[in-house]
Structure formats: structure tokens, C-alpha cells
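Colleague: Counting with my numbering, you get residues 7 to 547 for the letters of the sequence shown. Every residue, glycine too, gets a C-beta built ideally from N, C-alpha and C. Treat the numbers as computed from the prediction; the structure is a model and nothing was measured. Have a look at this one before I ask anything.
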Amino acid sequence: MSVSRRQFLLATGGLLGLPALGSWRPAWAHEGRMLAAQLAEPKKPLINPATLARFVDPLPIPLIQAPYEQRVHPAYPQRKLPYYRMEMRAFQSRLHRDLPPTTQWGYQGSMPGPTLQAMRGEPMLVEWVNALPQQHLLPVDHRIHGAERTKPEVRAVTHVHGARVPADSDGWPEDWLAPGRSALYHYPNAQDAATLWYHDHAMGITRLNIYAGLLGAFIVRDPEEQVLGLPSGDCDLPLILCDRLIAQDGALYYPVSDDPDAPWVSECYGNAVLCNGKLFPYAEVEPRRYRLRLINAANARHFNLSLTHRRSFTQIASDQGLLPAPVERERIELYPAERAEVVVDFAGMDGQTIELREQSDAILQFRVRDRGRRDAAALPTVLRAVPRIDPASAVRDRVLTLGEMDDANGGAMMMTLGGQHWSAPISETPRQDSVEIWSLVNLTGDVHPIHLHLVRFQVIERRPFDLFAWNAHRTLKYTGPGVPPPPHEAGWKDTVRADPGMVTRIVMRFEGEPGRYVWHCHLLEHEDNEMMRPFMLLPRT
């Protein structure tokens, strides 16, 4: 039996700074029934992050990956392209000064992996190499589709999240590589400047491979963004956030159910938040503006970020690039796979410290030097035009449900999109360059961050509906007006928060090459257990 998000949060504490995990058998009300959360006790004691010294390790800044050489590609017969070789391998590093080394998996032997950078319109080649061990670092549930015992236990395939790429370079979940194998992917980079990220996407074990450390940043730049005078160079920092459970011997712990034949749990939350692979790091900064590229790389946790000293963020970009104008925000809320680029001004903070907090707990300390470079330039009031797609131009409005299949006791067994399994025939077949609306009907009690590969989209609205009318008659009956997106969601997105009891409507133009792509929930435990579906982009007529 699996557990619900609510049960898991109660069982693990769900927040930073709580005591170490103890007994995992609380009861919780679920649709009027009392259930016992069947989580297995950890076989080894776990750390309590609240007992660790804060801000004793410097913030790691991922290296910028350099190309190995120049190579030819059939799509560009008259030129050579930069070629990168990214090797996935096991390694050890300390997550905190006072912890033993932790075995992780990472690209180029680091977590996060090196940052890949590209200019818009400048294509590149990346060879993704699986040099991982034959045995998985974490518990595999062989009853999940795609993770059967007939397949290699260790498999990997890389997806650049948010990239507009040909289908054969997108990281199709079943195009996995066993150890010793590699694949050469082609990235045209024909898209606006944005903070993307790369991560594993292997069918049935994505949650485990990302938890093990297979992730990194992928940044696209363009000339229009570069003339805006935004902070750059060492004042442009990626901050990749994820949560983990860590054993006292330093090992990663991934929670399991008490059924050894079916260890899957419906969501995984840790009590330790890592920033660029470190627990409670510090960063030395100068008294000037910095650009922070915030990436939520957690399995299931959403982050609610704030700054101390009543400092605010100025958000300048979301998933797919610049917003129309800067947005002042006291808090930044990010669901798994969402990104936000913010500018923080440390001017006037000479010699002081300021903390980045998740909820009420500090996860990163900035130490402002009492001297250094200063900048007097102001942020532009206009960043980039984001022309709205007229919903009336859509050729189709697809009504797609987000659902959950429970066992006899009300425990989640699997999640679904449109009520269908991954292996069902493809039902979404948009045409190249056509405009469609997707109305995401959330029938569950959880928030689901929904990601579409290949395309960028715009949020139209979120609107409440009558769940009882839907369950009884499959009738979509709205119970209130639509809520338009707030300013920080007024740009281009590739991952959208679908709230329970709401229909989240998005509109997109299906630009890109025809072929098979996927869409899915980015709660990784859901994605791995059927909450992912293929779609086929058909050629234009």
C-alpha cells in the first residue's frame, strides 16, 4: 500500500528543522476513512538537520562545461558544431562539513552537474554517456511499468527540460541507456534566452535517478537579453534547490513502503534542503545587484522562498524566459521543475548577512562584503514583449483530467492523465504550428505541476468546477469566474501549477519538429507511476 502526500508530510515532519524521523505510523483522515500510513522504518538512523552547524560550507558554483571539440552533423553540412561529452558516474562528496561523504550519481561526477550554456540559434551536440554502476543506488520497484525485472536495473536517458528539440533528442523515456552505452543528441537552441535544466528521464525510475543526483542547469542566452544590462558574470548565479533524507553515515535515504515487493511511495519529501548540492551553504557577495536563477529540482516539494531584512525579490523571468516587465515580490513560490530568475540588490548591506529562507528556515546565507564593485544602473522597466496568444485562435480545446487510482483502503496506487495508462494509444495529436487550449481538470486533492515537452505556453486562467457533477455525469460545470494568472505567470511557461478543484487552462502554439513527445506531472513519484502520457505532433497540413 502507498501513502498520500498528507500522510507522508505528517510522517516525515515535512519541514526543515524538525526532529529526526522516528515512528512512521500515524493515522490520517482520507475521504472520511482513517488509514494507517504503511511506511517502512528506515534501517539506519537519519540525521536531524537542525543539529548541524549553519553556514560553514561555501556555496558551490557549478562549472561552465566547455566543448571537447567541433564536429559535423547531417543537419548542418556546411559547418562544425561544438561537441560536449557528459558522463554520468558515481562519486562521493560531503553534503555538509560535519557529515561523512555521500555516494551520489552525477553528470561529470558532480551534483549539480556542470552548467551547459548556449546562444540562441547556435546549435550544439551533446553525447550523454552512461558510466554508472550496474546496481542501483536506491530501491527499484519492479512492479512499476517500465521498471520490470527484465530490464537493466540501472538505466538513464537525459531530457533538457524546456528545450525545443527534435523528438529523437528530447529524451524519450523508453530510449534509455544501460551502463556502457551513450547517445548523441542535437540541440538547435532556436529559442529565447531562458533558464532550462537537464535531468534524467528513464521510464519507471526517474524519481530515483534524479534523487541520486542526475541533474544540472542549461542556460540559453540571446542578444536581446544581453543589452538589458542585467547582472552577469560571477553576479549571475544558478541556485538549484532540492530536498533529501540523509542517513547518519552520509548515505542518501529514499523512503519506501513496508511491502518489499512494492516499495513505491506516492511522494517523497526530505527534511534537508540542498542548495547546489550543499546543506546550509554561504555565499560571499558584493554590495550590488545579483541575478539568481532559482530552479526547483525536488521530487515533490514546493519551495516558498523569502529573504530576511525585509528584502524583496525582483522577478525578471519565469520558466521560458523574460517577463514583460520586472515584478516585485516578497516571496517566490516554485513547484517542482518551475524556475524563476530574480534580481536581488545587496547595496547598502555592506558587512552584513542576509538569508534565503524556505518557509521560516534559512537555507543559504549571503555575506555582503564591505567593499567591492558597485553598480548604479537601474533595471529596465520593460524586459521583453510577450505577445498573448488569442484563445479564439485555438483549433481545439482538449479537456484532460488529472486523476488518482486508489486501493481498497483509499491509498494511492497510481496517478493518471486523462484516465489512461502510458501504454494506451496516443490520444493527443496536435498539428504543427496549430494553436490548442488544454483544460487540465484536477480531480485529486493535490497540486500537480504539469509539464509539456517541446512547447512553451501561456496560462489563461484557473477556474473552480463542480467535482460532483464531473464524477456523476462527466459534465464540466464551473462554479465561479476564472482567475487570470498573476504578473509573474504572465510570461512563457513550460510547467504549470494545477490546483485541486480547479480547471487550469493553458494555450500554446505547437512549434517544432513533428514526432513523439510527452507531457506529465513533475511530481516524480507520480510521473514514474503512470502520470505521463505521449503526444504526437503531426506535420502541418
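1. Rounded to whole angstroms, what's the CA-CA distance from residue 131 to residue 79? Just pull it up for me.
2. Residue range of the alpha helix (DSSP H) that residue 474 falls in?
3. Distance check for residue 126 and residue 527, CA to CA, integer angstroms please.
4. Quick one: what's residue 63 bridged to in DSSP?
5. Distance check for residue 253 and residue 197, CA to CA, integer angstroms please.
6. Is residue 302 buried or exposed, if buried means 16 or more other CB atoms sit within 10 Å of its CB?
7. When the distance is taken between beta carbons, is residue 165 closer than 8 Å to residue 177?
8. Using CA coordinates, which residue listed in 349, 203, 155, 264 is at the minimum distance from residue 117?
9. To the nearest angstrom, report how far apart residue 152 and residue 261 are at their CA atoms.
10. Please work out which residues of its chain come closer than 7 Å, Cβ to Cβ, to residue 138, disregarding the five sequence neighbours upstream and downstream, and give them in chain order.
11. Under 8 Å, do residue 345 and residue 481 count as touching if we go by C-beta distance?
12. To the nearest angstrom, report how far apart residue 500 and residue 462 are at their CA atoms.
13. In chain order, what residues of the same chain have a beta carbon less than 7 Å from the beta carbon of residue 505, not counting five sequence neighbours either side?
14. Could you tell me the distance, in whole angstroms, from the CA atom of residue 510 to the CA atom of residue 465?
15. DSSP three-state label for residue 175, please.
16. For the beta strand (DSSP E) holding residue 457, just list the boundary residues, first then last.
17. Taking the beta strand (DSSP E) that residue 252 falls in, what are its first and last residues?
18. Ignoring anything shorter than 3 residues or poking outside the segment 267–346, list the beta strand (DSSP E) runs there in chain order.
19. Touching or not, the segment 289–306 and the segment 221–234, by the rule of three or more beta carbon pairs under 8 Å?
20. Are the CB atoms of residue 390 and residue 268 within a distance shorter than 8 Å?
21. What is the rounded straight-line gap between the Cα of residue 10 and the Cα of residue 421?
22. Check whether the Cβ atoms of residue 330 and residue 497 sit closer than 8 Å, and answer yes or no.
23. Going by DSSP, what residue range makes up the alpha helix (DSSP H) through residue 214?
24. Which term fits residue 315, buried or exposed, when burial requires 16 or more other beta carbons within 10 angstroms of its beta carbon?
25. Using only alpha-carbon positions, find the residue among 359, 347, 341, 343 that is nearest to residue 324.
26. Looking at the structure shown, is residue 494 part of a helix, part of a strand, or coil, going by DSSP?
27. Among residues of its own chain, excluding the 5 on either side of residue 429, which ones have a beta-carbon nearer than 8 Å to its beta-carbon?
28. Is the segment 62–71 close to the segment 276–295, with three or more CB pairs under 8 Å?
29. Could you tell me which residues DSSP puts in a beta bridge with residue 443?
30. Return the CA-CA distance between residue 514 and residue 533, expressed in angstroms with no decimal places.
31. Rounded to the nearest angstrom, what separates residue 470 and residue 100 at their Cα positions?
32. Could you name the residues of the same chain whose beta carbon sits closer than 6 Å to that of residue 371, not counting the 5 residues immediately before and after it, in chain order?
33. Ends of the beta strand (DSSP E) at residue 536?
34. Check for me: the alpha helix (DSSP H) holding residue 231 runs from which residue to which?
35. With burial defined as no fewer than 16 other Cβ atoms inside 10 Å of the residue's Cβ, what is the status of residue 136: buried or exposed?
36. Going by the beta-carbon positions, is the gap between residue 322 and residue 313 smaller than 8 Å?
Modeller: If we stick to the structure as given:
1. As a working note, residue 131 is residue 125 in the sequence shown. As a working note, residue 79 is residue 73 in the sequence shown. Cα-Cα distance, rounded: 8 Å.
2. Position 468 of the sequence shown, counted from the first residue, corresponds to residue 474. For residue 474, the enclosing alpha helix (DSSP H) stretches over residues 473–479.
3. Position 521 of the sequence shown, counted from the first residue, corresponds to residue 527. Position 120 of the sequence shown, counted from the first residue, corresponds to residue 126. Their backbone Cα atoms lie some 28 Å apart in a straight line.
4. Stepping through the sequence shown from its first residue, residue 63 is reached at position 57. DSSP, once it has assigned bridges, lists 287 as partnering residue 63.
5. Position 191 of the sequence shown, counted from the start, is the residue given in the question as residue 197. Position 247 of the sequence shown, counted from the start, is the residue given in the question as residue 253. So the alpha carbons of these two residues sit roughly 42 Å apart.
6. Looking up residue 302 in the sequence shown gives position 296. With 16 or more other Cβ atoms inside 10 Å of its own Cβ, residue 302 counts as buried.
7. As a first step, residue 177 must be located in the sequence shown, where it is residue number 171. As a first step, residue 165 must be located in the sequence shown, where it is residue number 159. Taking 8 Å as the Cβ cut-off, residue 177 and residue 165 qualify as a contacting pair.
8. Working through the sequence shown from its first residue, we reach residue 117 at position 111. It is 203.
9. For the purposes of this step, residue 152 is taken as the residue at position 146 of the sequence shown. For the purposes of this step, residue 261 is taken as the residue at position 255 of the sequence shown. Their backbone Cα atoms lie some 20 Å apart in a straight line.
10. To locate residue 138, count along the sequence shown from 1; it is residue 132. Contacts found: 94, 95, 96, 111, 160, 162, 185.
11. As a first step, residue 345 must be located in the sequence shown, where it is residue number 339. As a first step, residue 481 must be located in the sequence shown, where it is residue number 475. Cβ distance not < 8 Å, so residue 345 and residue 481 don't count as in contact.
12. Stepping through the sequence shown from its first residue, residue 500 is reached at position 494. Stepping through the sequence shown from its first residue, residue 462 is reached at position 456. It is roughly 5 Å from the alpha-carbon of residue 500 to the alpha-carbon of residue 462.
13. Stepping through the sequence shown from its first residue, residue 505 is reached at position 499. These residues qualify, in order along the chain: 448, 453, 468.
14. Translated into the one-based positions of the sequence shown, residue 510 becomes position 504. Translated into the one-based positions of the sequence shown, residue 465 becomes position 459. Rounded to the nearest angstrom, the two C-alpha atoms are 8 Å apart.
15. Taking the first residue of the sequence shown as 1, we reach residue 175 at position 169. Reduced to three states, the DSSP call for residue 175 is helix.
16. Locating residue 457 in the sequence shown gives position 451, where the first residue counts as 1. Per DSSP, the continuous beta strand (DSSP E) segment holding residue 457 begins and ends at 454–458.
17. Reading the sequence shown from its first residue, position 246 is the one you call residue 252. Residue range 242–252 is occupied by the beta strand (DSSP E) that includes residue 252.
18. As summarised for the segment 267–346, the continuous beta strand (DSSP E) elements at least 3 residues long and confined to that stretch are 278–281, 287–291, 295–302, 309–313, 319–324, 327–335, 338–340, given in chain order.
19. When C-beta atoms of the segment 289–306 are compared with those of the segment 221–234, three or more pairs fall below 8 Å, so the two segments count as touching.
20. If you number the sequence shown from 1, residue 268 lands on position 262. If you number the sequence shown from 1, residue 390 lands on position 384. Taking 8 Å as the Cβ cut-off, residue 268 and residue 390 do not qualify as a contacting pair.
21. As a working mapping, residue 10 is identified with position 4 in the sequence shown. As a working mapping, residue 421 is identified with position 415 in the sequence shown. Low local confidence applies: a pLDDT of 40 at residue 10 is under 50, so the model's placement there is unreliable, with the coordinate-based value given in what follows. About 11 Å.
22. The residue labelled residue 330 in the question sits at position 324 within the sequence shown. The residue labelled residue 497 in the question sits at position 491 within the sequence shown. Yes, the pair counts as a contact, with Cβ atoms nearer than the cut-off.
23. Position 208 of the sequence shown, counted from the first residue, corresponds to residue 214. Per DSSP, residue 214 belongs to the alpha helix (DSSP H) from 212–218.
24. In the sequence shown, the residue the question calls residue 315 occupies position 309. Classification of residue 315: exposed, given that the 10 Å Cβ count is below 16.
25. Residue mapping note: residue 324 aligns to position 318 of the sequence shown, counting from 1. Closest by alpha carbon: 347.
26. Here the question's residue 494 lines up with position 488 in the sequence shown. When secondary structure is reduced to three states using DSSP, residue 494 falls in the helix class.
27. Residue mapping note: residue 429 aligns to position 423 of the sequence shown, counting from 1. The beta carbon of residue 429 lies closer than 8 Å to those of 151 in the same chain, with the five residues before and after it left out.
28. Taking 8 Å as the limit for Cβ pairs, the verdict is that the segment 276–295 does touch the segment 62–71.
29. For the purposes of this step, residue 443 is taken as the residue at position 437 of the sequence shown. Beta-bridge partners of residue 443 (DSSP): 403, 513.
30. The sequence position of residue 514 within the sequence shown is 508, counting from 1. The sequence position of residue 533 within the sequence shown is 527, counting from 1. Spanning the two alpha carbons is a distance of roughly 22 Å.
31. As a position in the sequence shown, residue 470 is number 464, starting the count at 1. As a position in the sequence shown, residue 100 is number 94, starting the count at 1. Using only the alpha carbons, I get a separation of about 46 Å.
32. Residue 371 sits at position 365 when you count from the first residue of the sequence shown. The residues are 61, 288, 359, 361.
33. Along the sequence shown, one-based indexing puts residue 536 at 530. Premise fails: residue 536 is in no beta strand (DSSP E) and is neither H nor E.
34. Numbered from 1 along the sequence shown, position 225 holds the residue referred to as residue 231. Its alpha helix (DSSP H) spans residues 229–232.
35. One-based indexing of the sequence shown puts residue 136 at position 130. For residue 136, the number of other beta carbons within 10 angstroms of its own is at least 16, and it is reported as buried.
36. Along the sequence shown, read from residue 1 onward, the residue named residue 322 stands at position 316. Along the sequence shown, read from residue 1 onward, the residue named residue 313 stands at position 307. Note that the C-beta distance between residue 322 and residue 313 is not below 8 Å.
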